[in-house]
Amino acid sequence: MVSRVRVWLNRTYAENVFFMDQLRRNPCGRAVEIHATHGDADSPILAAADVAALEPEGLSPAAYVEYALDQCARHSIDVFVPVLHQATLVEHREEFAAVGTALLAPPAEAVHTFQDKVIAYEAVEKLGIPAPPWWRVRTAEELVTAVDALEADGHKACFKPASGAGGVGFRIITRTPFSLMHLNGFPSPYVPLDMVVEALKQADEPVDWLVMPRLEQPEVSVDCLTGPDGRVRMAVGRTKNGRRRGFTLDPQWIEPSRLLAESFGLHYLTNIQFRMLGDEPVLMDVNTRPAGGLHQLSQCGINAPWAAVRLALGEEPGDVVPPFLGQDYTVVAGPRAVRPVSLPQQRAELDLPVPPAATATAAEPTVEAHSEQTTQASHPAQAAQTSDSPLTV
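Per our numbering, residue 221 is the first one in the sequence shown, and the count goes up by one each step.
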């Protein structure tokens, strides 16, 4: 009899409820017990898990490693998919292996390379993969210099944190003075340059921003699955142009993604994003984690989470190739269950319901969420619900 596989997802984004759904619907029919921890009692991740707990409050990255090792040992976790504190956790891969847990994440060197977008762009340009022109900016004077240079070349300037994920902090620079126009309709990513300059001058400490041209659609997000041996098993692009989504195996997106995955040891599930600079595809971002929209690959017949878990267990899923690319689609949000009560004084007293044939651990104190993002999780019956950016935790 094949034993069940225990998979733990820590403080992950809400879209990973679909990651869980796909593990349960694996084509092998193998039993999967899903563990989840989070700092928000109302995260749908906790409601979707078989074994759920709130994470302890205020842990440093080093203390979190100790907490994670204890979780893996106590619950006999086979595969751990780290999102929170990924960079620190992967530095302790051998310690997790010693308690019988495989980390579904790239090696530490790869994670650190792509944490900082400046380091990442410098590294990929050495491979001959085009990146957009960029400036690292920390002061108002540096911002104005970068914006002037971009606009002189006919570009619209934008900025985002040099380290960050999910589109948090992304803004587009405009020379239009602030007016009621900026207050009409929904909140806009456009910010007047003079207001940003003044905010920087008044700031108590420097920022760390990447200033670059606003890149155009289509956006192509390539999901890769790479083994610890460095061989890519899967590389499938998801295209986005306005509301319209689709899939692609076009070499102009796939070949640079394979080169990146192989060259930097981007093991297991990673996501590589491109956009257009004029007529040229350029690298936008590399995520060393499963993408929020990874489940959309089910629309072309792929169960990427299960293939990745098999790789982490030392099994060989073979080359994961879409049997069909399917028709274009759009994404539609919908409801997802949360646990019934999240009032702090009641958490420890409740026997909170979980999916059938599963139990929940006692709730522990909460910890603040590691990022604030806006996309709402959707219903699993809607096969292509959410995009990769921004993400909700």
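Using N, Cα and C, we set each Cβ at its ideal position, and we do this for glycine too.
C-beta contact flag for residue i and residue j at 8 angstroms
i: A511; j: D443; result: yes
i: R453; j: D539; result: yes
i: R395; j: E436; result: no
i: S383; j: D449; result: no
i: V225; j: V529; result: yes
i: I393; j: L413; result: yes
i: L469; j: G485; result: no
i: L324; j: L479; result: no
i: T508; j: Q242; result: no
Nearest-angstrom beta carbon gap, residue j and residue i [assumed within contact, 8 angstroms]
i: P409; j: F379; result: Going by Cβ atoms, the distance from P409 to F379 rounds to 10 angstroms, so no, they are not a contact pair.
i: G447; j: H487; result: 7 angstroms
i: A288; j: L309; result: 6 angstroms
i: H255; j: H295; result: 6 angstroms
i: I522; j: P542; result: 6 angstroms
i: L503; j: P350; result: 7 angstroms
i: E475; j: K460; result: Actually they do not touch by this definition, with Cβ atoms about 20 angstroms apart.
i: E235; j: T257; result: With a Cβ gap of about 17 angstroms, E235 and T257 do not count as contacting.
i: F467; j: G546; result: 6 angstroms
CA-to-CA distance, residue j to residue i, given in whole angstroms
i: R244; j: A524; result: 12 angstroms
i: S441; j: A330; result: 19 angstroms
i: N404; j: V411; result: 14 angstroms
i: A293; j: F334; result: 29 angstroms
i: T232; j: S263; result: 9 angstroms
i: A261; j: D298; result: 25 angstroms
i: V427; j: V237; result: 34 angstroms
i: G462; j: P302; result: 31 angstroms
i: E418; j: V338; result: 25 angstroms
i: A578; j: V271; result: The pLDDT assigned to A578 is 38, lower than 50, so where the model puts this residue is not dependable; a value taken from the coordinates is nonetheless given after this. Whole-angstrom Cα-Cα distance: 7 angstroms.
i: A273; j: L420; result: 40 angstroms
i: L517; j: G278; result: 36 angstroms
i: E371; j: Q519; result: 40 angstroms
i: M240; j: A268; result: 8 angstroms
i: Q566; j: V367; result: Low per-residue confidence applies at Q566: pLDDT is 43, beneath 50, and the placement is therefore not dependable enough to give any value.
i: A385; j: L430; result: 13 angstroms
Residue interval of the alpha helix (DSSP H) (run including residue i)
i: K380; result: Premise fails: K380 lies in the beta strand (DSSP E), 377–381, not in any alpha helix (DSSP H).
i: T257; result: It is not in any alpha helix (DSSP H) - T257 instead sits in the beta strand (DSSP E) that spans 252–258.
i: L309; result: 306–309
i: P476; result: 471–484
i: V416; result: 413–422
i: D290; result: 281–295
i: F437; result: Looking at the sequence provided, one finds Gln at residue 437 rather than Phe. It is not in any alpha helix (DSSP H) - Q437 instead sits in the beta strand (DSSP E) that spans 436–446.
i: M189; result: Beyond the ends of the chain as shown, which are 221 and 613, falls residue 189; an answer cannot be given.
i: A557; result: No alpha helix (DSSP H) holds A557; DSSP gives it neither H nor E.
i: P264; result: 264–268
i: M240; result: 237–244
i: L531; result: 524–532
First through last residue of the beta strand (DSSP E) which encompasses residue i
i: I492; result: 488–497
i: F300; result: 299–301
i: A272; result: 271–274
Curious, which full-length beta strand (DSSP E) runs of at least 3 residues does the region 318–394 contain? If we require 3 residues or more, the beta strand (DSSP E) runs fully inside the region 318–394 come out as 355–357, 377–381, 391–394.
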